[in-house]
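Novice:
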Amino acid sequence: MVALTVSLAVLVGVALGLLGGGGSILTVPLLAYVAGMDAKEAIATSLLVVGVTSAVGAISHARAGRVQWRTGILFGLAGMVGAYGGGLLSRFIPGTVLLLAFAVMMIATAIAMLRGRKNKAVAEDGNKVMPVGKILLDGVIVGLVTGLVGAGGGFLVVPALALLGGLPMPVAVGTSLIVIAMKSFAGLGGYLSTVQIDWRLAAMVTGAAVVGSLIGGRLTSLVDPDTLRKSFGWFVLVMSSVILAQEIHPGVGIAAAALIMVAAGVTYVCSRREHCPLQRLGGGSRASVAAG
Numbered sequence: 011m012v013a014l015t016v017s018l019a020v021l022v023g024v025a026l027g028l029l030g031g032g033g034s035i036l037t038v039p040l041l042a043y044v045a046g047m048d049a050k051e052a053i054a055t056s057l058l059v060v061g062v063t064s065a066v067g068a069i070s071h072a073r074a075g076r077v078q079w080r081t082g083i084l085f086g087l088a089g090m091v092g093a094y095g096g097g098l099l100s101r102f103i104p105g106t107v108l109l110l111a112f113a114v115m116m117i118a119t120a121i122a123m124l125r126g127r128k129n130k131a132v133a134e135d136g137n138k139v140m141p142v143g144k145i146l147l148d149g150v151i152v153g154l155v156t157g158l159v160g161a162g163g164g165f166l167v168v169p170a171l172a173l174l175g176g177l178p179m180p181v182a183v184g185t186s187l188i189v190i191a192m193k194s195f196a197g198l199g200g201y202l203s204t205v206q207i208d209w210r211l212a213a214m215v216t217g218a219a220v221v222g223s224l225i226g227g228r229l230t231s232l233v234d235p236d237t238l239r240k241s242f243g244w245f246v247l248v249m250s251s252v253i254l255a256q257e258i259h260p261g262v263g264i265a266a267a268a269l270i271m272v273a274a275g276v277t278y279v280c281s282r283r284e285h286c287p288l289q290r291l292g293g294g295s296r297a298s299v300a301a302g
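Heads up, the final residue of the sequence shown is numbered 302 in this note's numbering, and it's a clean run with no missing numbers.
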C-alpha cells in the first residue's frame, strides 16, 4: 500500500502543478483510504504534502514568469486571516452541511470556469495588477470559505485570480500555488500541536508529489490556456460528484457523474461543429476563442 500511495502521490503533484488546485481534495482521500491514516492525521499530512509541493511548484512557474508575487503574497496573507475565522465558525456547522455546501460551491465555480470571462482581452494581460483592496477582500472571502470546508484552496483561488482578478489561466495557476503553500503551512502549524505525523511516509509522499508538480509545471506551458481553464472546470465537476456520493448517497454521485459525462460529450461534439446553439449559451464559440 505504501508503494501505491507514493505512486498516486505523483498524480496529486501533477494536478497541483498543472491546475493549481486539487491538492487537498486528492491527498486526503489518498492518505485516509489508501494509506490507512485516520482523518486528522490524513488532513495534517496532506497540509505538509500540499504546502511543500505548492512551494516547489511555484518556483518552476516563477522561472517561467507565471507568478505575480505581489498578488500571491497579499492574497495569501488575507486568506490566512479568513481561513482562521472560517475555522472558528466551522465548529458550529455540521460537517455534512459544510461538505454539501462545498460541493455546490465547486459546481458553481466549475460552471464559471467553463463559461470563462466575457472580457477575454483583459484576461490575456499577464501583467495586470490587481488593486490591493480587491486582493485583500477576495483573499479574506476565499480564506473564510476554505476555512469553513477545510479544503479546496486551489479550487477557489484559481477562479478568483482568473475570473475576478483578470489574470490569464497560467498566471492564475502559478500565483495560486503561493497562496496554497502559505495557507497549508499555517494550517499545519495548528495541527502539529495535537496530531502526530508519520514523518517517514509523509516525506515519501511529499517527494513523489514534488516530482509530479515539476512535471505538471512543465506541462502548463504546453497546454493552451483556454483548454487548461476548461479542463480545470470539468475536473472540479467530477470531484463534486465524488463528494455528493459520499455525503448523500452513492446513487446521487453516480447520477451526477453520468450527467457530467453526457455534458462533456455534448460539449465536445458541439465544439467540432461550426454552428451549435450551446456555443451561444456558453459564450465559447470558435470565433470568440480565436478573438481571445
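Glycine included, every Cβ here is placed at the ideal spot set by N, Cα and C.
Counting only the same chain and skipping the five closest in sequence on each side, list residues whose C-beta sits under 6 Å from that of glycine 226.
Specialist: Val24, Gly27, Leu28
Novice: Just to confirm before moving on: does the CB-CB distance between alanine 52 and alanine 42 stay below 8 Å?
Specialist: Their beta carbons are under 8 Å apart, which means alanine 52 touches alanine 42 by this criterion.
Novice: By DSSP, does serine 78 sit in helix, in strand, or in coil?
Specialist: The identity of residue 78 in the sequence shown is glutamine, whereas the question assumes serine. Of the three classes helix, strand and coil, the one that applies to glutamine 78 here is coil, per DSSP.
Novice: Classify leucine 14 as helix, strand or coil using the three-state DSSP reduction.
Specialist: helix
Novice: Check alanine 274 in the structure and name its three-state DSSP category.
Specialist: helix
Novice: So leucine 110 is in the alpha helix (DSSP H); what residue range does that whole segment cover?
Specialist: 105-125
Novice: For leucine 58, which residues in the same chain have their Cβ closer than 8 Å to its Cβ, ignoring the five residues on either side in sequence?
Specialist: Ser194, Leu198, Ile207, Ala212, Thr216
Novice: So, helix, strand or coil for isoleucine 207, using DSSP?
Specialist: DSSP places isoleucine 207 in the coil class of the three-state scheme, outside both helix and strand.
Novice: Considering only the beta carbon of each residue, do alanine 266 and leucine 254 sit closer than 8 Å?
Specialist: yes
Novice: Within a Cβ cutoff of 6 Å, which residues of the same chain sit near phenylalanine 85, ignoring the five residues on either side of it in sequence?
Specialist: Ile145, Gly149, Val189
Novice: For alanine 172 and arginine 239, which I take to be in contact (beta-carbon distance under 8 Å), what is that distance rounded to the nearest angstrom?
Specialist: 7 Å
Novice: Between serine 231 and glycine 67, how many whole angstroms is the CB-CB distance? I'm expecting something under 8 Å.
Specialist: Not confirmed; about 13 Å, so no contact.
Novice: State buried or exposed for methionine 11, treating a residue as buried only when at least 16 other CB atoms are found within 10 Å of its CB.
Specialist: exposed
Novice: So, using beta-carbon positions, are alanine 88 and glycine 153 closer together than 8 Å?
Specialist: yes
Novice: Is alanine 19 closer than 8 Å to methionine 90 when the C-beta atoms are compared?
Specialist: In this structure, alanine 19 does not lie closer than 8 Å to methionine 90 by Cβ.
Novice: Quick one: grab the DSSP three-state call for glycine 175.
Specialist: coil
Novice: Closest by CA to valine 246, which one among Leu187, Met116, Ser100?
Specialist: Comparing Cα-Cα distances from valine 246 to each of Leu187, Met116, Ser100, the minimum goes to Met116.
Novice: Return the chain-ordered list of same chain residues with a C-beta closer than 8 Å to the C-beta of tryptophan 244, the five sequence neighbours on each side being excluded.
Specialist: Ala120, Leu124, Ile270, Ala274
Novice: Going along the chain, which residues of its own chain have a beta-carbon closer than 6 Å to the beta-carbon of leucine 177, five neighbours each way excluded?
Specialist: Leu171
Novice: Could you have a look at aspartate 148 and say whether DSSP puts it in helix, strand or coil?
Specialist: helix
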